[in-house]
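Shown next, in structure tokens, is the structure this report addresses.
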Amino acid sequence: MPPGGDPLAAQLIAAGKAGDWRTLTDLLAPIDHPDDHTFYLKIAADVGGAERWVDDWVAAEPRSPLPLLFKGAHAIFWAWEARGGGRANTVSENAFKLFFKRLTLAENCLDDVTDRDPDLPVVAHLEQWLDLGDEGPAYLRSAEVRASLHEAADRSVRHAEYVRRPRWPNYHNEFAMAFALSQDWAAAADQFDLIGDLVTEWPWQYLNGRQPDVPFLRWRTRTYQELGR
Numbered sequence: 016m017p018p019g020g021d022p023l024a025a026q027l028i029a030a031g032k033a034g035d036w037r038t039l040t041d042l043l044a045p046i047d048h049p050d051d052h053t054f055y056l057k058i059a060a061d062v063g064g065a066e067r068w069v070d071d072w073v074a075a076e077p078r079s080p081l082p083l084l085f086k087g088a089h090a091i092f093w094a095w096e097a098r099g100g101g102r103a104n105t106v107s108e109n110a111f112k113l114f115f116k117r118l119t120l121a122e123n124c125l126d127d128v129t130d131r132d133p134d135l136p137v138v139a140h141l142e143q144w145l146d147l148g149d150e151g152p153a154y155l156r157s158a159e160v161r162a163s164l165h166e167a168a169d170r171s172v173r174h175a176e177y178v179r180r181p182r183w184p185n186y187h188n189e190f191a192m193a194f195a196l197s198q199d200w201a202a203a204a205d206q207f208d209l210i211g212d213l214v215t216e217w218p219w220q221y222l223n224g225r226q227p228d229v230p231f232l233r234w235r236t237r238t239y240q241e242l243g244r
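In the numbering used here, the protein residues as written are 16 to 244.
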């Protein structure tokens, strides 16, 4: 069960476990805010076994981008299931091959959605997530990306009219991790201060799929140490 007992999240998980894509459509389609849509899509897609029935959904709704978005998002989780959460030197060659095969499936799905609807905001979120890979930390340290992160934070979690939406800790955890990995310690500390101990699985599971709280605590500690706190 997702933290906070979110009823919509619980419904999505139940529908996913049951392979009930019709209910998934009914629950996800009305969500129009891109951040909320991305958040709930990830929750729905992180259900084991969806690869066995998602093609039925795609075939039943060939004109809708939603089934392909779900398939692409699920393929990312499915890929990490194959790879595991350990360091690269602990992953077998076969596991890496399966990992990249499933990531390719995810990328193909997202490319198909982009071709159909290039302005769909959630696609951009998922493609960025997919593209980070092992080069994510180095990429985030570039001046251009740092500036982009600040701009994004100013438009969202640091905006004067920002309102906490469902699962608000997720958004602050995302910025905390991004700023910490980019070594922008002051900006990261601001987010960690707001979060307190409300760690969320996403995005920290990207660094440790089995224990996402471990990288959260490690990066929070380092952030405060860098600032002498």
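Where a beta carbon is used, it is the ideal one built from N, C-alpha and C, also for glycine.
Cα-Cα separation between residue i and residue j, rounded to whole angstroms
i      : j      : result
Asp127 : Phe54  : 21 Å
Thr236 : Arg37  : 44 Å
Pro184 : Trp217 : 10 Å
Ala33  : Leu27  : 10 Å
Val69  : Ala94  : 15 Å
Gly87  : Asp35  : 17 Å
Asp21  : Leu222 : 24 Å
Leu23  : Gln206 : 26 Å
Leu141 : His165 : Any answer about Leu141 is weak, because its pLDDT of 47 lies below 50 and its placement is not dependable; what the coordinates show is given next. Rounded to the nearest angstrom, the two C-alpha atoms are 20 Å apart.
Gln168 : Trp234 : One point to set straight first is that residue 168 is Ala, not Gln, in the sequence displayed. Distance between the alpha carbons of Ala168 and Trp234: 19 Å.
Tyr239 : Arg161 : 19 Å
Ala74  : Lys112 : 27 Å
Glu76  : Leu242 : 52 Å
Residue closest to residue i, alpha-carbon to alpha-carbon, out of the options
i      : options                        : result
Phe231 : Arg244, Leu43, Val160, Ala204  : Ala204
Gln191 : Asp208, Arg180, Tyr177         : The displayed chain sequence assigns Ala, not Gln, to residue 191. Comparing Cα-Cα distances from Ala191 to each of Asp208, Arg180, Tyr177, the minimum goes to Asp208.
Ser171 : Tyr186, Glu159, Ala74          : Tyr186
Arg244 : Glu76, Ala25, Arg117, Ala201   : Ala201
Ala29  : Ala44, Asp47, Ile46, Gly64     : Gly64
Glu189 : Ala175, Gln220, His174         : Gln220
Val62  : Gly31, Val73, Phe194           : Gly31
Ala158 : Leu120, Phe194, Lys112, Trp234 : Phe194
Arg225 : Glu76, Cys124, Glu96, Glu176   : Glu96
Arg117 : Pro77, Glu66, Asp71, Ser79     : Glu66
Same chain only: Cβ atoms within 8 Å of residue i, ignoring 5 sequence neighbours per side
i      : result
Val137 : Caution is warranted here: a pLDDT of 42 is assigned to Val137, below 50, making its placement in the model unreliable, and the coordinate value is therefore given only provisionally. The answer, listed in chain order, is Pro49, His52, Thr53, Leu56, Leu84.
Ile46  : His52, Tyr55
Range of the contiguous alpha helix (DSSP H) that encloses residue i
i      : result
Asn188 : 183-196
Val160 : 158-170
Tyr177 : It is not in any alpha helix (DSSP H) - Tyr177 carries neither H nor E in the DSSP assignment.
Gln240 : 228-241
Leu211 : Leu is not the amino acid found at residue 211; the sequence shown has Gly there. Gly211 -> no alpha helix (DSSP H), and no H or E assigned at all.
Gly31  : 22-32
Sequence-distant residues of its chain with Cβ nearer than 7 Å to residue i (five each side left out)
i      : result
Arg156 : Ser197, Gln198
Leu213 : Pro184
Ala60  : Phe85, Ala88, His89, Phe92
Leu81  : Thr40, Leu43, Ala44
Ile58  : Pro17, Ala24, Leu27, Ile28
Residues of its chain near residue i, where Cβ-Cβ distance is below 6 Å and the 5 sequence neighbours each way are ignored
i      : result
Asp228 : Val214
Arg179 : none
8 Å Cβ cutoff, residue i in contact with chain C
i      : result
Thr236 : Given the protein chain composition of this structure (a single chain), no chain C is represented.
- Residue ranges of each beta strand (DSSP E) within the region 39-89, 3 or longer: Inside the region 39-89, DSSP marks no whole beta strand (DSSP E) run of 3 or more residues.
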